[in-house]
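Working notes, beginning with the structure itself.
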Amino acid sequence: MNEKGLMGGQLFYRNFACFENGKKADRLAVHPAFAVTYFLARCESVRQVAKELEENISLVGTPLLGTVPTIHWMFTDRSGESIVVESERDGLHIYRNTIGVMTNAPGYGWHRQNLLNYAQIRDLDHEAVEIAGTRLEQCFSGSGAFGLPGDWSSPSRFVRLAFLKKYAVKGKNEEEGIAYLFRLLGNAAFPYGMVRVTESGVVTEYDREVTPYDYAIYTSAMCAESLRFYWTTYEDSRVRYVDLETLRERKAVLQMELNRKPEFLCVTGDMNPRQSP
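Residue numbers 1 to 277, in the numbering used here, belong to the letters of the sequence shown in order.
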């Protein structure tokens with residue numbers, strides 16, 4: 001996130017990402033791994049990001065640490081508009097006016113069309129059903145979401161988040177909204193041990209504590225108005241944040257720990273005796 005409220009992120013795009021072998025004439029070559037940094041350093045809006053991609057730069061697939069990262073991107077700004085950027089074998093795709101959700105492969109266009117398979121999803125329970133003269137009343141809540149996929153594949157996570165976003169209740173303020181958002185994002189987070197790695201990719205000398213599982217090491221959220229970056233880690237659900245507005249005048253490069261150690265709050269001493277009537 002930058003000081004203008006432009007926010008960007010990259011995600012794994014296995015088997016689909018494809019970049020140029022060299023830069024085009026009169027264009028600046030940008031390595032995919034540094035694309036987010038490039039745009040946040042130069043742009044104020046998603047429109048400017050799109051213009052840079054269309055007119056000024058080439059995403060060049062030069063190996064870094066022995067590999068070319070297979071990634072795609074989403075950018076959002078203070079207007080609320082989001083764009084998805086995907087570079088594939090048939091060229092560069094910039095999706096505008098998106099629904100504001102992105103996961104991994106396949107591409108955004110496929111994911112968006114796939115939502116038609118779940119058009120019946122709603123936030124309202126189904127009514128009673130009559131079968132052969134017998135009326136069956138609903139006896140549990142949540143039936144409107146019958147058919148919502150619950151696995152950890154990228155298509156299923158895209159569908160879940162799309163409908164969770166559609167029906168989400170907004171918070172009354174930023175703190176409440178962030179708390180609600182982390183609850184929604186938890187529906188897409190890989191549980192540790194549930195997704196065993198089938199394609200480990202390139203392990204470099206810089207990799208540490210490589211595990212055989214994919215899981216959500218951390219989850220983050222940003223606010224374009226307050227310029228706060230929030231996060232939780234898999235081990236610690238306490239929400240932490242840094243305030244970019246406060247840091248703007250700092251000249252040194254700063255680094256904050258994710259905090260991977262669980263924190264528990266004991267409230268035993270705060271309990272009051274219950275008074276008898």
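Backbone N, C-alpha and C fix where the C-beta goes; we use that ideal spot for every residue, glycine too.
The structure presented is a predicted model; accordingly, all values stated were derived computationally and were not measured.
For residue i, report the span of its beta strand (DSSP E) as first-last.
i: threonine 37; result: Note, threonine 37: premise wrong, no beta strand (DSSP E); alpha helix (DSSP H) at 35–42.
i: arginine 27; result: No beta strand (DSSP E) holds arginine 27; DSSP gives it neither H nor E.
i: arginine 135; result: 134–136
For residue i, count neighbouring Cβ atoms within 10 angstroms of its own Cβ and tell me buried if that reaches 16, exposed if not.
i: serine 237; result: exposed
i: tyrosine 230; result: buried
i: proline 212; result: exposed
i: serine 87; result: buried
i: asparagine 104; result: buried
i: isoleucine 71; result: buried
i: isoleucine 131; result: exposed
i: valine 85; result: buried
i: leucine 247; result: exposed
i: arginine 160; result: buried
i: valine 210; result: exposed
i: valine 36; result: buried
i: arginine 274; result: exposed
i: threonine 233; result: buried
i: serine 82; result: buried
i: phenylalanine 289; result: In the structure displayed, the chain extends from 1 to 277; residue 289 sits before or after that span and is not available.
i: tyrosine 206; result: exposed
i: arginine 284; result: Shown here, the chain extends from 1 to 277; a query on residue 284 therefore has no answer.
i: arginine 183; result: exposed
Under DSSP, the alpha helix (DSSP H) around residue i begins and ends at which residues?
i: isoleucine 83; result: Where isoleucine 83 is concerned, there is no enclosing alpha helix (DSSP H), although the beta strand (DSSP E) it sits in stretches over 82–88.
i: phenylalanine 182; result: 174–185
i: arginine 122; result: Unbroken run through arginine 122: none, as it is neither H nor E.
i: glutamate 245; result: 244–247
i: serine 156; result: 154–167
i: valine 203; result: Per DSSP, valine 203 belongs to no alpha helix (DSSP H) and is neither H nor E.
i: histidine 345; result: Because the chain spans 1 through 277 in this model, residue 345 falls outside it and cannot be assessed.
i: valine 278; result: Residue 278 lies beyond the range of the chain shown here (1 to 277); nothing can be said about it.
i: valine 60; result: Segment: none, valine 60 is in no alpha helix (DSSP H) and carries neither H nor E.
i: valine 46; result: 46–51
Taking C-beta to C-beta, are residue i and residue j nearer than 8 Å?
i: methionine 1; j: methionine 256; result: no
i: glutamate 8; j: tryptophan 73; result: In the sequence as displayed, the identity of residue 8 is glycine instead of glutamate. Against a cut-off of 8 Å, the Cβ pair of tryptophan 73 and glycine 8 comes out as a contact.
i: valine 49; j: phenylalanine 75; result: yes
i: aspartate 77; j: valine 30; result: no
i: serine 143; j: aspartate 125; result: yes
i: proline 63; j: proline 32; result: no
i: alanine 162; j: leucine 115; result: yes
i: tyrosine 118; j: glycine 109; result: no
i: proline 155; j: phenylalanine 16; result: no
i: glutamate 176; j: serine 226; result: no
i: leucine 11; j: isoleucine 57; result: no
i: valine 239; j: isoleucine 178; result: yes
i: glutamine 120; j: glycine 150; result: no
i: tyrosine 180; j: aspartate 123; result: no
Return the Cβ separation of residue i and residue j in integer angstroms, given the expectation that the two are a contact with Cβ distance under 8 Å.
i: methionine 59; j: glutamate 3; result: The amino acid occupying residue 59 in the given sequence is leucine; methionine does not appear at that position. Leucine 59 to glutamate 3, Cβ: 25 Å. No contact.
i: leucine 65; j: threonine 204; result: 5 Å
i: alanine 145; j: glutamate 137; result: Contact doesn't hold; Cβ gap of about 19 Å is too wide.
i: leucine 6; j: glutamate 44; result: 6 Å
i: tyrosine 215; j: proline 191; result: 7 Å
i: histidine 93; j: phenylalanine 158; result: Not confirmed; about 16 Å, so no contact.
i: arginine 135; j: cysteine 18; result: Actually they are not in contact, since the Cβ atoms of arginine 135 and cysteine 18 sit about 57 Å apart, beyond 8 Å.
i: valine 202; j: threonine 67; result: 4 Å
Let me check one thing: in DSSP terms, what residues is residue i bridge-paired to?
i: cysteine 223; result: Arg228
i: threonine 103; result: Its beta-bridge partners do not exist; DSSP assigns none.
i: glutamate 263; result: Paired residue(s): none; glutamate 263 is not in a bridge.
i: phenylalanine 12; result: Ile71
i: glycine 91; result: Glu88
i: glutamate 235; result: Paired residues: none, contrary to the question.
i: tyrosine 241; result: Tyr230
i: tyrosine 218; result: Thr233
i: methionine 7; result: Thr76
i: arginine 196; result: Tyr213
i: glutamate 20; result: Val60
How about residue i: is its Cβ closer than 7 Å to a heavy atom in the ligand NAP?
i: valine 49; result: Annotation note on the ligand NAP: not contained in the displayed structure, which lists no ligands.
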